[in-house]
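Here the protein sequences line up with chains A and B, keeping their order. Under my numbering, the first residue of the first sequence is numbered 1, with each subsequent residue one higher. Under my numbering, the first residue of the second sequence is numbered 1, with each subsequent residue one higher. Here is the structure we will look at.
Number of protein chains: 2
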Amino acid sequence: MTDTASPALRTAIAYYDAWTSHDLDGAMKYIADDIVCDAPAGRLEGADAYRNFMAPFVGMLTGSTMIAAFGDDDTALVMYDTHTVPVRNAPGAECVTVENGKITYSRFVFDRAPFDAARNDAS
Amino acid sequence: MTDTASPALRTAIAYYDAWTSHDLDGAMKYIADDIVCDAPAGRLEGADAYRNFMAPFVGMLTGSTMIAAFGDDDTALVMYDTHTVPVRNAPGAECVTVENGKITYSRFVFDRAPFDAARNDAS
């Protein structure tokens, strides 16, 4: 399933392995300074904004399982199932563009509804 | 980006082309009778349940753009951006297992939050 001949996928998996190990500093090594990320809540621009978006999510992460991962020279597409404190199964998918070993663009898809529901239940 | 050497991806794309053309009958030709689909709202079992899930979505679809599509012998992973009446940009991702030209399992990820918001605005 995982095509390790794909340079983009190697970067995407190294990035995934880092953040799912709670190593946000390590993960950010694979993020370009000028990353653009289209996430469910809108567009994030720049590594600082991206890190601020990821940090709370990584903080509540208890585990993750890779479902599928593919790539070619400059694009990787992964789907995984994250396990978090508020939401037990929170699958997500990322399509990333990789240049020189760094993710320059990310399209990120996940369902915000169970997180919204958990927040409402807690309040 | 699209590896047409992948049998699973050929099926996934034929299925995608059909439902994004509002051809639900044509799309269902690629769905196994005993399909299992893990969707954001829960598990769907069987082609009838799957069709009932897809029909309202296809009914409000105004267009779709494929973002990335990869596959191997039995697995395909696609991400696309659908355009719908209530939500202008509603990206989704599907990881499907294909056996004998039919999708037997689908893991489907999209963000329900904007659809929930549109429903609340309308009510």
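Every residue, glycine too, gets a C-beta built ideally from N, C-alpha and C. Remember, predicted model here, so these are calculated numbers, not experimental data.
Cutoff 6 Å; reference residue i; Cβ partners in own chain excluding five residues on either side
| i | result |
| --- | --- |
| B/A18 | G26 and A27 |
| B/A12 | A76, V78 and V96 |
| A/A93 | M79 and V109 |
| B/G101 | T11 |
| A/N52 | none |
Close Cβ partners of residue i (< 7 Å) along its chain, the five nearest in sequence each way excluded
| i | result |
| --- | --- |
| B/M60 | T84, V85 and P86 |
| A/F115 | P86 and V87 |
Presumed contact (8 Å Cβ cut-off) between residue i and residue j, rounded CB distance
| i | j | result |
| --- | --- | --- |
| A/E99 | A/D74 | 7 Å |
| B/M54 | B/L9 | In fact, because the Cβ distance is near 20 Å, the residues do not count as touching under 8 Å. |
| A/A122 | B/A113 | Between B/A113 and A/A122 the Cβ distance is about 17 Å, and since that is not below 8 Å, they are no contact. |
| A/F70 | B/F70 | 3 Å |
Same chain, Cβ closer than 8 Å to residue i, five either side skipped, listed in chain order
| i | result |
| --- | --- |
| B/I103 | T11, A12, Y15, Y30, I31, A32, I35, V96 and T97 |
| A/P91 | I67, M79, Y80, D81, T82, F110 and D111 |
| B/R43 | V36 and C37 |
| B/A117 | none |
| B/A47 | M28, I31, A32, D33, D34 and I35 |
| B/D63 | Sequence check: residue 63 of chain B is Gly here, not Asp. The residues are T20, T82 and H83. |
Chain A contacts made by the stretch 100–117 of chain B, where a contact means CB separation under 7 Å: For the stretch 100–117 of chain B, the set of positions with a beta-carbon nearer than 7 Å to some beta-carbon of chain A reads R107, V109, F110, D111, R112, A113 and D116 in chain order.
The stretch 30–50 of chain A in contact with the stretch 106–116 of chain A per 3-pair CB rule at 8 Å: Judged by Cβ distances under 8 Å, the stretch 30–50 of chain A makes contact with the stretch 106–116 of chain A, as three or more pairs qualify.
Secondary structure, beta strand (DSSP E): runs of 3+ residues fully inside the stretch 62–94 of chain B: Fully enclosed beta strand (DSSP E) runs of no fewer than 3 residues occupy 75–84 of the stretch 62–94 of chain B, in order along the chain.
Short-range partners of chain A found in the stretch 83–101 of chain B, where Cβ spacing is below 8 Å: Taking 8 Å as the Cβ-Cβ cut-off against chain A, the residues of the stretch 83–101 of chain B that qualify are P91, G92, A93 and C95.
Contained beta strand (DSSP E) runs [length at least 3] in the stretch 16–56 of chain B, N- to C-terminal order: Within the stretch 16–56 of chain B, the runs of beta strand (DSSP E) that reach at least 3 residues and sit entirely inside it are, in chain order, 31–39 and 42–45.
Short-range partners of chain A found in the stretch 58–70 of chain B, where Cβ spacing is below 9 Å: For the stretch 58–70 of chain B, which is checked against every Cβ of chain A, the residues closer than 9 Å are I67, A68, A69 and F70.
Chain-ordered residues of the stretch 26–54 of chain A with a beta carbon less than 9 Å from chain B: Listed by position along the chain: D38, P40 and A41.
Positions along the stretch 3–15 of chain B whose CB lies within less than 7 Å of some CB in chain A: Going along the stretch 3–15 of chain B in chain order, one finds no residue with a Cβ nearer than 7 Å to chain A.
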